[in-house]
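There are 2 protein chains.
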Amino acid sequence: VLVDAIATALGREPLPASDAAQWPLSGRHALVTSGPTHEPIDPVRYIGNRSSGRQGHAIAAALAHLGARVTLVSGPVSLPDPRGVQVVKVATAREMLAACQSALPADVAVCAAAVADWGIANPAPAKIKKGPSGDEAPPVLSLVPNPDILATLAAPGPRRPALVVGFAAETDALLPHARAKHQRKGCDWILANDVAGGGVFGADKNTVHLLTSSGTEDWPTMDKEAVASRLAERIAQTLADLSARKAAP
Amino acid sequence: VLVDAIATALGREPLPASDAAQWPLSGRHALVTSGPTHEPIDPVRYIGNRSSGRQGHAIAAALAHLGARVTLVSGPVSLPDPRGVQVVKVATAREMLAACQSALPADVAVCAAAVADWGIANPAPAKIKKGPSGDEAPPVLSLVPNPDILATLAAPGPRRPALVVGFAAETDALLPHARAKHQRKGCDWILANDVAGGGVFGADKNTVHLLTSSGTEDWPTMDKEAVASRLAERIAQTLADLSARKAAP
């Protein structure tokens, strides 16, 4: 009963004493990124994107539900923190990368955040004024490439998580773009989703394709929570397989 | 009792039958803008700003509380719609202006939204790609001036509201910038608030200065709801004075 109470307090379903297999990620550390990034133009304005964070937050919750210790690095969202998850809040891509690197080592990293590809070269320290007549030339926004968080986490090295999962949100040519991203980033899996029309942002449901080295799985349209559960179960199975392979003589 | 029930349903305090002065804005139409605008770069990315919409939404609620019919034109916010207020949701500055013009005529307009001064000249129809190597030159964002909603509503003409109120959010030289804005825009009042440090965005409290043709009033630091109530009462008094002046022989 005490275990149940603790489990409930942590936001997990109580663990049936007879079935530890319900917590297959026990002892694992999962790193999840979620939400948009905000790249400041000046103290008031920023470049953002339409990610609601719902899918990433649901993945963090699903991994915790399977027993993982979860660090969720989140850009600015209007979602409550998932229960039983350690949340680190950031704004920019650079801050998100730094928070991810601080959270390592991890057994699995799921990069669900919609990270800005570019930041502003020199954010203005004070609000940019339109000028007295309003007819002045608009300011020129000089963009600079942001660090690539997925590629950085997926790069070979002693701190690389055993499993690195990226997302590809595309408005056109979804699978070709996602396959190219899979090869380019060095990650193990890509979850590709079609954001054409904008309906997926903040929506309940998602239609995704899982790209692995073995091929492409088309998942049916599901609630974002169901996508998260299915992904978490696949992650648990894969980490168990990797451990079994390591342990084999 | 029926009146009370209707008033409660509309989200207002019940009207004491003996004191119609509690609804001093009865029969008036108030137009309020609130929140940020989002100017699309492509279907996924946008330029936004850090307005939470809390002050503007509170003003809409306060005007409704005094009996006004209120149209609230709101950019993307994560706030509930205020009760008893008609809410029109928009994203860009151009959409906000069109919604405001559709809502006219109005007795008072309060422009509390943080409207982007610039939009993107040619938003991309599909998500802009970083390119295969990630080393390509970043895209150039060509900005174009947005319509000036406050100046448009404040311009002389048969549909100009009797009272037009603007906001000035500044990070530096608050009062000089606000005074220049007051003169430039042709509005009757400016509520100036200091956003240096960013603490005001989404915060509970606000420190504002009311600039009118008679001078500058420094209001004490108050909850945003208290700022809204005080402004709504000033508006009610001023509209009553204007009506009395018109009615005078």
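Sequence order for the protein chains is A and B. For the first sequence, my numbering begins at 1 and goes up steadily by one. For the second sequence, my numbering begins at 1001 and goes up steadily by one. C-beta: ideal position from N, C-alpha, C; glycine also.
Spatially closest choice to Leu1063/B from Ala1109/B, Arg1045/B, Arg1245/B and Gly1119/B, by CA coordinates: Of Ala1109/B, Arg1045/B, Arg1245/B and Gly1119/B, the residue nearest in Cα terms is Ala1109/B.
So, is the C-beta of Thr1171/B closer than 8 Å to a C-beta in chain A? yes
In or out: Asn1122/B buried (at least 16 other Cβ within 10 Å) or exposed? exposed
Pair within 8 Å by beta-carbon distance, Phe167/A and Cys100/A: no
Which class does Val1110/B belong to by DSSP, given the choice of helix, strand or coil? It is a strand residue.
So, are the CB atoms of Arg1160/B and Ala1154/B less than 8 Å apart? yes
Let me know if Val44/A comes out buried or exposed under the rule of 16 or more other beta-carbons within 10 Å of its beta-carbon. buried
Quick one: which residues of the region 1179 to 1194 of chain B get their C-beta closer than 9 Å to a C-beta of chain A? List them in chain order. Ala1180 and Arg1184
Test item: CB-CB of Lys130/A and Asp1117/B under 8 Å: yes
Using a Cβ-Cβ cutoff of less than 7 Å, which residues in the same chain neighbour Ala1236/B once the five nearest sequence positions on both sides are dropped? Once the five neighbours on either side are set aside, the close Cβ partners of Ala1236/B are Pro1024, Leu1025 and Leu1066.
Just tell me which of Ala1192/B, Ser1213/B and Thr1216/B has its CA closest to the CA of Thr1207/B. Ala1192/B
Arg45/A (DSSP reduced to helix, strand or coil): strand
Cβ of Trp303/A within 8 Å of any chain B Cβ: Only positions 1 to 249 of chain A appear in the structure, and residue 303/A is not among them; the question remains open.
Consult DSSP for His1029/B and reduce its assignment to one of helix, strand or coil. strand
Could you tell me the alpha carbon to alpha carbon distance between Val1/A and Pro76/A, rounded to whole angstroms? Because Val1/A carries a pLDDT of 49, less than 50, the predicted location of this residue cannot be relied on, and the following value inherits that uncertainty. Cα to Cα, the separation comes out at about 37 Å.
Per DSSP, what kind of secondary structure is Thr238/A in: helix, strand or coil? It is helical.
Drop a sphere of 10 angstroms on the beta-carbon of Ala1126/B, count the other beta-carbons inside from all chains shown, and report buried for 16 or more, exposed for fewer. exposed
Using beta carbons (cut-off 8 Å, strictly below), is Ile1235/B in contact with chain A? no
Do Val1073/B and Leu1085/B count as a contact pair if the criterion is CB distance below 8 Å? For the record, residue 1085/B in the displayed sequence is Val; it is not Leu. Not a contact, by the Cβ cut-off of 8 Å.
Contacts that Lys1089/B makes with chain A (C-beta to C-beta distance below 8 Å): Chain A residues near Lys1089/B: none, gap ~13 Å exceeds 8 Å.
Scan the region 1072 to 1083 of chain B for residues whose Cβ lies nearer than 7 Å to a Cβ of chain A and list them as they occur along the chain. Ser1078
Along the chain, which unbroken stretches of the alpha helix (DSSP H) at least 4 residues long are found entirely within the region 1164 to 1202 of chain B? 1174 to 1185
Every unbroken beta strand (DSSP E) within the region 64 to 113 of chain A, with a cutoff of 3 residues, ordered by chain: With a minimum length of 3 residues, the continuous beta strand (DSSP E) runs that stay inside the region 64 to 113 of chain A are 69 to 74, 86 to 89 and 108 to 111.
Work out the CA separation of Ser229/A and Arg1230/B for me, nearest whole Å. 50 Å
Assuming contact is defined by CB atoms lying nearer than 8 Å, are Arg46/A and Asn1049/B in contact in what I supplied? Per the sequence shown, residue 46/A should be read as Tyr rather than Arg. Yes, these two residues count as a Cβ contact at 8 Å.
Cutoff 8 Å: Arg1094/B Cβ touching any chain A Cβ: no
Close Cβ partners of Lys1181/B (< 7 Å) along its chain, the five nearest in sequence each way excluded: Gly1166, Ala1168 and Ile1190
Extent of the continuous alpha helix (DSSP H) run through Ile149/A: Ile149 to Ala154
What separation, rounded to the nearest whole angstrom, lies between the Cα atoms of Ser213/A and Asp1194/B? One C-alpha to the other measures close to 54 Å.
When we look at the beta-carbon of Leu1150/B and count the other beta-carbons within 10 Å, is it buried (16 or more) or exposed? By the 10 Å Cβ count, Leu1150/B comes out buried.
Do you know whose CA, among Arg28/A, Leu79/A and Pro40/A, lies nearest Gly53/A's CA? Leu79/A
Do the CB positions of His29/A and Ala58/A come within less than 8 Å of each other? no
Measure the alpha-carbon distance for Gln1183/B versus Ile128/A and round it to whole angstroms. 19 Å
Tell me the rounded alpha-carbon separation between Ala1203/B and Gly1035/B. 14 Å
For Gly48/A, which residues in chain B fall below 9 Å Cβ to Cβ? His1038, Arg1045, Tyr1046, Ile1047 and Gly1048
Who are the near neighbours of Trp1219/B in its chain, counting only those whose CB is closer than 6 Å to its CB and skipping five residues on each side? Same-chain partners within the cutoff: Val1208.
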